[in-house]
Structures are given as C-alpha cells and as structure tokens.
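Throughout, the working numbering is defined as the position within the sequence shown, counted from one, plus 18. Here's the structure we're looking at; comments come further down.
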Amino acid sequence: MSVDRLMIKRDVPYQIYDVDVLSATDEELKELSAEMGLSLALDEMKVIVDYFKKEGRNPTDIELQALGQAWSEHCCYKSSKNILKEFVFAIDHPDVLSRGDAGVMVFDDDYGYALRIESHNHPSAIEPYGGAATGIGGILRDVICMGAQPIGLVDPLCFGPIDTEKELP
C-alpha cells in the first residue's frame with residue numbers, strides 16, 4: 019500500500035503538500051505516520067484527523083511534521099511521563115531543587131551539584147556527530163542557566179536490539 023495518493027502538492031514555487039488525512043483509512047494513517055517518520059500511533063493520528071475535520075481542511079506536511087515533533091518522546095515524554103511523575107517529579111526533599119531542565123542536589127555542606135541528562139538518540143541515529151554535539155550542548159546550556167559551573171558531562175546513548183528486522187532510519 020502506498021500513501022502517495024494522500025499527498026497533494028500545492029501549486030506554489032516550493033514543495034509543500036496538503037495531506038489528505040480526512041479520507042485516509044486507519045491502515046493509511048499508520049503507514050503515513052511510518053513513511054513520514056512521525057512516530058505517531060493510530061490513536062494520535064485520529065486526534066489529528068478529528069482536529070482538522072473541525073478546521074474544515076487537511077493539514078500540510080509541515081503541520082504533520084510539527085505535530086510529530088511536538089508529540090515525540092523527546093518533547094513531551096509520552097511513554098515515560100508517569101514514571102517521571104512518580105519517581106522524579108514527586109521528590110520533596112530539602113536537598114533537592116528542580117527547576118526547568120536541570121536540578122540541584124546537595125551532597126555536602128559546601129556545594130550544590132547541578133545535574134542534567136540529555137537524550138538525543140534520534141538525531142544521533144541520523145547524524146551521530148551533530149546529534150551528540152546537540153546533546154552535550156543542551157546539558158551545558160541548562161547547567162549554566164542554573165548558575166552552575168560545569169565540571170563534567172555525560173551523554174548516554176541508548177540502543178535497541180541490533181538484530182531487529184525493522185529497517186531503522
């Protein structure tokens with residue numbers, strides 16, 4: 019099955035497509051998400067369809083990419099949010115300060131330690147050097163914004179099974 023029929027190029031001097039999600043089947047919505055690299059589940063694609071039905075139009079490919087990014091694990095932590103709420107955000111202790119994208123922990127009477135973790139697996143999979151640099155840059159930015167002096171950096175990369183049959187980007 020191909021979702022090419024859903025892509026309608028606009029008559030403009032640059033490439034932009036209206037994506038006919040309003041007439042797409044469930045299978046086409048799943049394939050569209052996969053082909054465009056949106057990583058959105060069918061229920062999320064249906065939310066998009068419902069929204070654009072109310073708007074009375076189809077989304078552009080740019081709008082779908084923006085939604086895929088905004089709803090990604092990296093931006094909204096959709097699969098780990100409950101774990102973070104229970105084990106990280108719920109910490110109520112005088113030696114722990116959480117603000118923005120970094121936190122401060124007190125281990126002794128002399129220093130507070132700003133801690134930050136960053137994950138950039140997707141950009142690192144596409145372009146390893148730039149993805150890793152983006153991850154380290156995010157750590158530095160957030161620690162410095164807390165008013166701390168960086169003394170060490172860690173940029174962990176997580177990998178899935180190497181014998182997967184699914185082709186990865």
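All residues carry an ideal CB built from backbone N, CA and C; glycine is no exception.
Beta-bridge partners assigned by DSSP to A132: V122. Counting the other Cβ atoms within 10 Å of the Cβ of R134 gives 16 or more, which makes it buried.
Residue nearest to E46 within the set Q33, L60 and D36 is L60 (criterion: CA-CA distance).
The DSSP-derived three-state label of K48 is helix. According to the DSSP assignment, V30 belongs to no alpha helix (DSSP H), since it is labelled neither H nor E.
A Cβ-Cβ distance of about 6 Å is found for the pair W89 and E62, placing them in contact under the 8 Å criterion. Counting the other Cβ atoms within 10 Å of the Cβ of S51 gives 16 or more, which makes it buried. Its chain contains S51, M54, G55, L56, S57 and L58 as the residues whose beta carbon lies nearer than 8 Å to that of G86, once the 5 sequence neighbours on both sides are disregarded; these appear in chain order. The Cβ neighbour count for N76, taken over all protein chains shown within 10 Å, is at least 16; the residue is labelled buried. In terms of Cα proximity to R23, the closest of D181, P31 and T43 is T43. Here L82 is buried: its Cβ has 16 or more other Cβ atoms, across all protein chains shown, within 10 Å. For D36, the enclosing beta strand (DSSP E) begins and ends at Y35 to V37. The Cβ atoms of D79 and V37 lie closer than 8 Å to each other. For T78, the three-state secondary structure derived from DSSP is strand. The DSSP-derived three-state label of D68 is helix.
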